[in-house]
Amino acid sequence: MYQKNLLAALAAQTGWREWQYYESDLAKFLLLAIPVVFIYGICIGSFLNVVIIRVPRGESLIKRSSHCMTCGAKIRIIDLIPVFSWLFLKGKCHSCGEKISPRYPIVEALNGILYVVDLLIFGVNVNCVIMMLFTSLLICIGFIDWDTMDMYIPMLLLIAVLAIPSHFLTYIPLKERIIGIFVISIPFLLIGEISGAYIKKKTGEKVRGIELGDTILMACAGALIGWKAMIPSAFIGIILAAIFGLIIKKVTGKSKFAFGPYLCMGLWIGAMFGEEITMWYIKMLPHEETVQYYTAMLMH
Ligand SMILES: [Zn+2]
3 MYQKNLLAAL
13 AAQTGWREWQ
23 YYESDLAKFL
33 LLAIPVVFIY
43 GICIGSFLNV
53 VIIRVPRGES
63 LIKRSSHCMT
73 CGAKIRIIDL
83 IPVFSWLFLK
93 GKCHSCGEKI
103 SPRYPIVEAL
113 NGILYVVDLL
123 IFGVNVNCVI
133 MMLFTSLLIC
143 IGFIDWDTMD
153 MYIPMLLLIA
163 VLAIPSHFLT
173 YIPLKERIIG
183 IFVISIPFLL
193 IGEISGAYIK
203 KKTGEKVRGI
213 ELGDTILMAC
223 AGALIGWKAM
233 IPSAFIGIIL
243 AAIFGLIIKK
253 VTGKSKFAFG
263 PYLCMGLWIG
273 AMFGEEITMW
283 YIKMLPHEET
293 VQYYTAMLMH
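The opening residue of the sequence shown carries number 3 in our numbering; numbering runs sequentially from there.
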């Protein structure tokens, strides 16, 4: 049976205020599973670093670089442990002392931590595995967009491919997925087209308010997580982009920045908690009849 939110299950079994939850089977399981999933996550994160660096350059993903980029010193096996090697080396090459970007351990740790949250939210089932793959794709898409202001269409389509096993193995109905494809992508497409035409008329530049990659991302993600998760995802993404956009403008003076990383953050949060946010919002609607109407519509 599909079970969402292991932490809620743990709380329901024992009550958070009681210490006995340390003795429940679920707690014992989590104490073992969390470190295992975290280590698995940081190892996958190490591969994501390779993807983020090499895909935009069109380089092979399989060949491991075995030398320091600055001094050419051979990278030892001990230097390849995700997160911990960087900490152990204090972020420097063991031979020449050249700084190693903190981006590497950050991506690794991020993937590890988000995998653990995926586990806690979705439990041990196929949906959790699908969500972990989605998480890693979002990390790659977000960081590559941050670096290059570009998205890779095959990566976006992989999200849509994940929707196929997700449809057969999880609980989101087809109708919600189909609405999910269009609910955000259509407004994004319209905003992109209209702003593009307006900017072109005013300045002659070929710039769009929302790029086509962002639009395709929202369509593919909608097929995977459904409209109930997509609406809060988009809201959270746009709010994060607005906040960070202002900060970026203040710090660097640039008004153009990648939208993708914030959309990816929004999508991840939406995939985890979006349905609950939508249901919570609808329950707050003022009229009893409206609440009943929407609740009936949302219960499938
Ligand atoms: Zn070196």
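A virtual CB, placed ideally from N, CA and C, is assigned to each residue, including glycine. Treat the numbers as computed from the prediction; the structure is a model and nothing was measured.
- C-alpha of Ala165 to C-alpha of Asn51: approximately 25 angstroms in a straight line.
- Counted as a single uninterrupted DSSP element, the alpha helix (DSSP H) harbouring Glu195 occupies residues 187-205.
- Taking 4 residues as the minimum length, the alpha helix (DSSP H) runs contained wholly in the region 214-273 are 214-227, 229-254, in order along the chain.
- In this structure, Ser235 and Gly194 do not form a Cβ contact; the two beta carbons are roughly 18 angstroms apart against a cut-off of 8 angstroms.
- Beta-bridge annotation (DSSP): His69 is paired with Lys76.
- Taking C-beta atoms as the reference points, Leu226 and Ile161 count as a pair closer than 8 angstroms.
- Pairing Gly239 with Met274 gives a Cβ-Cβ distance that is not under 8 angstroms.
- Rounded to the nearest whole angstrom, the CA to CA distance from Tyr154 to Phe86 is 30 angstroms.
- When distances are taken from the beta-carbon of Ser97 to the heavy atoms of ligand 1, the shortest one is below 7 angstroms.
- Within the same chain, Asn51, Trp88 come within 7 angstroms of Tyr106 by CB-CB distance, once the 5 residues on both sides are set aside.
- Contact between Val39 and Tyr117 is confirmed by a C-beta separation of about 5 angstroms, below the 8 angstroms threshold.
- Ser68 and Ser97 have their C-alpha atoms some 13 angstroms from each other.
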